[in-house]
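Only one structure is covered here, and it is reproduced in the block below.
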Amino acid sequence: MSTRTQQRLSTSSLALLAVAFIVAVSVTNQVFKGWRIDLTENNLYTLSDGTRSLLANLEGTVNLYFYFSDQASQAMPSLRNYANRVREMLEEFEAEADGNIRLNVIDPLPFSEDEDRAAQFGLQGVRLGTSPDAVYMGLAGTDSIDNEEIIPFFQPDKETFLEYDIAKLVSTLSSPKRPVIGLISDVQMAGSFDPQTQRMSQPWVVYQQAQQLFEVRNLGTGLVQIADDISLLWIVQPKDLSNDTLYAIDQFVMNGGNAIIFVDPVADVDPVAMEGMPQGMPPMGQGSDLPELFDAWGITFSTEEVVADAELALQISGMDRRPVRHYGYVGVTGEHMSTDNIVTADLSVVHVATGGTVGGVENGPLTVEPLLSSSSNAQTMPATRFSFVPDPAALQDGFAPQGGPFTLAARFNGSLSSAFPDGPPPTNISLEDGDDTAVRSYADHRTHSSGPVNLIVVGDVDMLADHLWVQVQNLFGQQLTNAFASNGAFVVNALENLSGSSELIGVRSRASFTRPFTKVESLRVDAEARFRTTEERLQRELDETERRLVELQSAREDSGNILLTPAQQGEIDRFVDQRGVIRQELRAVQRGLDEDIERLGTIVKAINIGLVPTLLTGFVLIAVWRRNRRLP
3 MSTRTQQRLS
13 TSSLALLAVA
23 FIVAVSVTNQ
33 VFKGWRIDLT
43 ENNLYTLSDG
53 TRSLLANLEG
63 TVNLYFYFSD
73 QASQAMPSLR
83 NYANRVREML
93 EEFEAEADGN
103 IRLNVIDPLP
113 FSEDEDRAAQ
123 FGLQGVRLGT
133 SPDAVYMGLA
143 GTDSIDNEEI
153 IPFFQPDKET
163 FLEYDIAKLV
173 STLSSPKRPV
183 IGLISDVQMA
193 GSFDPQTQRM
203 SQPWVVYQQA
213 QQLFEVRNLG
223 TGLVQIADDI
233 SLLWIVQPKD
243 LSNDTLYAID
253 QFVMNGGNAI
263 IFVDPVADVD
273 PVAMEGMPQG
283 MPPMGQGSDL
293 PELFDAWGIT
303 FSTEEVVADA
313 ELALQISGMD
323 RRPVRHYGYV
333 GVTGEHMSTD
343 NIVTADLSVV
353 HVATGGTVGG
363 VENGPLTVEP
373 LLSSSSNAQT
383 MPATRFSFVP
393 DPAALQDGFA
403 PQGGPFTLAA
413 RFNGSLSSAF
423 PDGPPPTNIS
433 LEDGDDTAVR
443 SYADHRTHSS
453 GPVNLIVVGD
463 VDMLADHLWV
473 QVQNLFGQQL
483 TNAFASNGAF
493 VVNALENLSG
503 SSELIGVRSR
513 ASFTRPFTKV
523 ESLRVDAEAR
533 FRTTEERLQR
543 ELDETERRLV
553 ELQSAREDSG
563 NILLTPAQQG
573 EIDRFVDQRG
583 VIRQELRAVQ
593 RGLDEDIERL
603 GTIVKAINIG
613 LVPTLLTGFV
623 LIAVWRRNRR
633 LP
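For any residue, its number in this note's numbering is found by taking its place in the sequence shown, counting from 1, and adding 2.
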């Protein structure tokens, strides 16, 4: 076969391969249209089972309007990358909803009707970087009867809860009726008559916030049945509940109901006067527990011990009005909260007063997820030590860390057995005529839960009281509140999450699609540590020099003379010289940081640009050489 003939065959083969490739791509696009494979490490683009179930049960159409300022964000690559992440997640929702979600992606140009519509929805335009125009990146949703829900702005730092936020918006539109919260409380959260002022006291702020978002129904503490329309039980300071009430709570949970329970070893908001207390001292706080239910469900809590924390202790006014750290008053900061749970993910600090530790029994039926925890520099103390504390500093006597951290609030999930395995307890209570309407029937007693239950148990009741987290002022008859802790947000988040559908509760937090350069961050952290060490040494030298100057000045006999003595001038000159040396060291450390990172970058570039192509070229040349050797 001649060389020209071989060239013609090669050209024809290449043309046929090109045509075959084009045909294959066209056929693949048609045959596999809509197919998606998530090859990311953490399945970033795969919806949770809870989201899939929620979308499968949608009734009616939900319209989603994603407003993103595409043109105004041209110079913001990181924001645009996150906007693509949001859009792709929304497209997954649309594809999974099988026509029940309609997604519209809109670029609200300045002074356009789209921008006006975004503002009408309540979306936030934010001025970022050097862009003269506001940047929108929010979501608005409507249903068939024009109910509206919005996410004002997708914050990149909340990326792990992106799927949950979108699912919550869709869930709210599909079920616009406000959830009903059943409140069982032995403290007067809704306000009560104050005999001292002869007027009604204001409801607690956390109770008012809950009323704005939910229908809060006070059930009292002597209930015998629970209405069907109640979505969640909110149990606060339960004390000596009757068997009928305990049975109603138990069966509510066995039938798939959720609950958030606040118990306390020493609840200052529920005082009781004790004989023998010194005159003028406040009454002792009472404890609360649900031992009959907790023991059966595999939850541990003790009214005998209070968590004391030396690291997170809050400052209060002592006996002489001087600030003193109270080891029983704890400010739980972000590093001691669960960052993977929607209830605590965005909170700054939660204040807890004489709280107890909660947990699950070993090898019990429930999985335990700590939400609020003490530091490791903590121990449990007898609750009796907190019943009469004239001097909070006395709590520091004999303090010794005791194997912390201790869990102050936890989320429990799993299947349970009833605390009443033999059926309803004997009762003499009978419902009057007409009282049995719209109540849950327990004729079919359940010995096991109908499915996994969701419970949150908090070992403190005082955290709900206003004085521990919010400042309330009355201005011309208007109540103004200023929160200095996140207690209210914690409660509202918990009520909102647990009162949602089971599908929404099942939506998990997601991993971040941002992949940081861990080696670079490690180099930066090490260099910053060296930088801080040198900086601290500079500060120590400064303090020592100032102390020396004061000593020299006080030893002078001519104190009225403003001229410096030779010793003072020499001390200052020595410090100036040393300060210059230390500043050079600081600059050297910073340069070393940059050099380490640049060196790493050079190595990575060399591998990607030089080594990998060289190796591939070498493999190809070796393969060609070996094939030519085999040819006759």
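Backbone N, C-alpha and C fix where the C-beta goes; we use that ideal spot for every residue, glycine too. Being a predicted model, the structure only gives us computed values, none of them experimental.
_Burial state of residue 658, where buried means 16 or more other Cβ atoms lie within 10 Å_ = The question about residue 658 has no answer, for the chain in this structure spans 3 to 634.
*Could you tell me whether the Cβ of residue 344 comes closer than 8 Å to any Cβ of chain D?*
Reference to chain D is not applicable here, since this structure consists of a single protein chain.
*Neighbour-count burial assignment, residue 83, 16 or more Cβ in a 10 Å radius*: Per the 10 Å Cβ criterion, exposed.
*What first and last residue would you give for the beta strand (DSSP E) that runs through residue 383?*
380 to 384
*Output the distance between the C-alpha atoms of residue 443 and residue 488, rounded to the nearest integer angstrom.*
Because the pLDDT at residue 443 is just 48, under 50, the model does not fix this residue reliably, and the value given afterwards should be weighed accordingly. One C-alpha to the other measures close to 38 Å.
_Cross-strand partners of residue 649 (DSSP beta bridge)_ = Since the first residue shown for the chain is 3 and the last is 634, residue 649 is missing from the structure and cannot be characterised.
*Would you grab the beta carbon distance between residue 460 and residue 411 for me? Rounded to a whole angstrom, and I think it's under 8 Å.*
With 8 Å as the limit, residue 460 and residue 411 qualify as a contact, their Cβ atoms being about 4 Å apart.
_Going by DSSP in three states, residue 620 sits in which element: helix, strand or coil?_
It is helical.
*3 or more residues per run - each beta strand (DSSP E) lying fully within the segment 207 to 241*: The beta strand (DSSP E) runs lying completely inside the segment 207 to 241 and spanning 3 residues or more are 217 to 220 and 232 to 238, given in chain order.
*Going by the CB atoms, is the gap between residue 472 and residue 238 shorter than 8 Å?*
No, the pair does not count as a contact, with Cβ atoms beyond the cut-off.
*Determine the DSSP secondary structure at residue 456, reduced to helix, strand or coil.*
strand
*From the DSSP output, in three-state form, read off residue 465 for me.*
Residue 465 falls in the helix class under three-state DSSP.
*asked:* Suppose you measure from the CA of residue 347 to the CA of residue 161; what does that come to, to the nearest Å?
replied: 11 Å
*Kindly indicate which three-state DSSP category residue 136 falls into: helix, strand or coil?*
coil
_Quick check on residue 376: buried or exposed, where buried means 16 or more other Cβ atoms within 10 Å of its Cβ?_
The residue is buried, with at least 16 neighbouring Cβ atoms inside 10 Å.
*Have a look at 357, 297, 397 and 425 and flag the residue whose alpha-carbon is nearest the alpha-carbon of residue 364.*
297
*Could you tell me which residues DSSP puts in a beta bridge with residue 23?*
Paired residue(s): none; residue 23 is not in a bridge.
_Classify residue 468: buried if its beta carbon has 16 or more other beta carbons within 10 angstroms, exposed otherwise._
That one is buried.
*Alpha carbon of residue 304 to alpha carbon of residue 188, nearest angstrom*: 18 Å
*Relative to the alpha-carbon of residue 112, which residue among 125, 216, 73 and 407 has its alpha-carbon at the smallest distance?*
73
*Kindly give me the distance between the Cβ atoms of residue 314 and residue 333, rounded to whole angstroms, as I take these residues to be in contact under 8 Å.*
5 Å
*Can you give the Cα-Cα distance for residue 183 and residue 500, rounded to whole angstroms?*
10 Å
*Can you grab the Cα-Cα spacing for the pair residue 124 / residue 154, in whole Å?*
7 Å
*asked:* Here's a check: name, in chain order, each residue in its chain whose Cβ is nearer than 7 Å to the Cβ of residue 495, leaving out the five neighbours to either side.
replied: 344 and 345
*Cut-off 6 Å between Cβ atoms - residues of its own chain near residue 156, not counting five sequence neighbours on either side*: 88 and 139
_Candidates 417, 380 and 415: closest to residue 400 by CA position_ = 380
*Measure the CB-CB distance between residue 151 and residue 164 and report whether it falls below 8 Å.*
no
*Using three-state DSSP, classify residue 260 as helix, strand or coil.*
Note: residue 260 maps to strand in three-state DSSP.
*Can you tell me the Cα-Cα spacing of residue 453 and residue 419, whole angstroms?*
11 Å
_Is the separation between the beta-carbon of residue 70 and that of residue 92 shorter than 8 Å?_
no
*Using the C-alpha atoms, what's the distance from residue 427 back to residue 249?*
7 Å
*Is the distance from the Cβ of residue 141 to the Cβ of residue 60 below 8 Å?*
no
_Whole angstroms are fine: how far does the CA of residue 240 sit from the CA of residue 406?_
27 Å
_Alpha-carbon to alpha-carbon, residue 224 and residue 438_ = Residue placement at residue 438 is poorly supported in this model, since its pLDDT is 44, which falls under 50; the coordinates still yield a value, given next. About 15 Å.
*asked:* What does the alpha-carbon distance come out to for the pair residue 1 and residue 263?
replied: A question about residue 1 goes unanswered here, because the residues of the chain that appear run from 3 up to 634.
*Taking the runs of the beta strand (DSSP E) that are 3 residues or longer, which of them lie wholly in the segment 282 to 343?*
Segments of the beta strand (DSSP E) lying fully in the segment 282 to 343: 286 to 290, 301 to 303, 307 to 311, 315 to 319 and 325 to 335.
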